[in-house]
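Residue numbers (this note's numbering): 790 to 997.
Just so it is clear, CB atoms sit at the ideal spot from N, CA and C, and this is done for glycine as well.
Working notes for the structure below.
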């Protein structure tokens with residue numbers, strides 16, 4: 790790619806402040822490099838972001854998609870901070886319903902790249918036919934991925950009890966004693982995971 794080429798890059802974060810802010814920081818960095826940035830989220834999430842510096846306003850714009858209503862999600866909710874943890878799967882279902890407006894946007898906006906979060910499993914299926922390149926931006930650091938392990942560990946049954954997650958995993962073979970969860974953290978995670986499994990099997994792509 791020519792270093793002077795100006796790209797149109799779309800940003801599509803998950804509906805949580807801990808995701809929208811890092812995506813905004815990346816957006817600012819890319820806008821400073823002269824690229825055109827379309828930051829896509831819902832109205833309330835965009836309204837919570839800090840104001841843009843005047844020198845970036847010509848390169849960085851916000852694109853608002855109204856969050857569709859789904860049964861089980863309280864009216865007006867648009868982020869994880871607004872619901873208890875067992876309601877987050879319903880927020881994910883609403884997020885998945887942004888697929889259609891996002892598809893229309895990509896079709897009509899000459900986007901070169903879209904930088905996306907972990908949640909839209911369906912995005913490659915709509916971006917690739919349109920010739921839009923994808924980049925996965927993870928807000929989680931390398932130690933987090935190391936702790937969760939390789940696919941064989943994620944799909945297997947090596948760790949069944951909450952206590953199994955309070956020790957350093959067996960595949961980490963270098964000296965380290967702090968890559969582990971506290972017991973109460975893992976118990977909370979199991980509650981969340983149960984909610985996801987019972988309400989979001991289809992939403993998370995199990996129907997593909």
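With a threshold of 16 other beta carbon atoms within 10 Å, residue 931 falls short and is exposed.
Note on residue 963: under 16 other CB atoms within 10 angstroms of its CB, so exposed under the neighbour-count rule. Between the segment 921 to 928 and the segment 892 to 903 there are three or more inter-stretch CB-CB distances shorter than 8 Å, so the stretches are counted as touching. Distance from the CA of residue 867 to the CA of residue 893, rounded to the nearest whole angstrom, comes to 21 Å. For residue 961, the CB contacts under 7 Å within the same chain, skipping 5 residues up- and downstream, are 935 and 968 in chain order. Looking from the CA of residue 915, the closest CA among 928, 795 and 895 belongs to 895. Taken in chain order, the whole beta strand (DSSP E) runs of length 3 or more contained in the segment 824 to 849 are 825 to 830. The Cβ atoms of residue 884 and residue 803 sit closer than 9 Å to each other.
The beta carbon of residue 948 is closer than 7 Å to those of 954 in its chain, skipping five residues each way along the sequence. Taking a C-beta distance under 9 Å as the contact criterion, residue 855 and residue 805 do not qualify as a contact pair. Burial is judged here by how many other beta carbons sit within 10 angstroms of a residue's own beta carbon; residue 808 has at least 16 and is buried.
Across the structure, residue 825 and residue 938 are spaced so that their CA atoms are roughly 36 Å apart.
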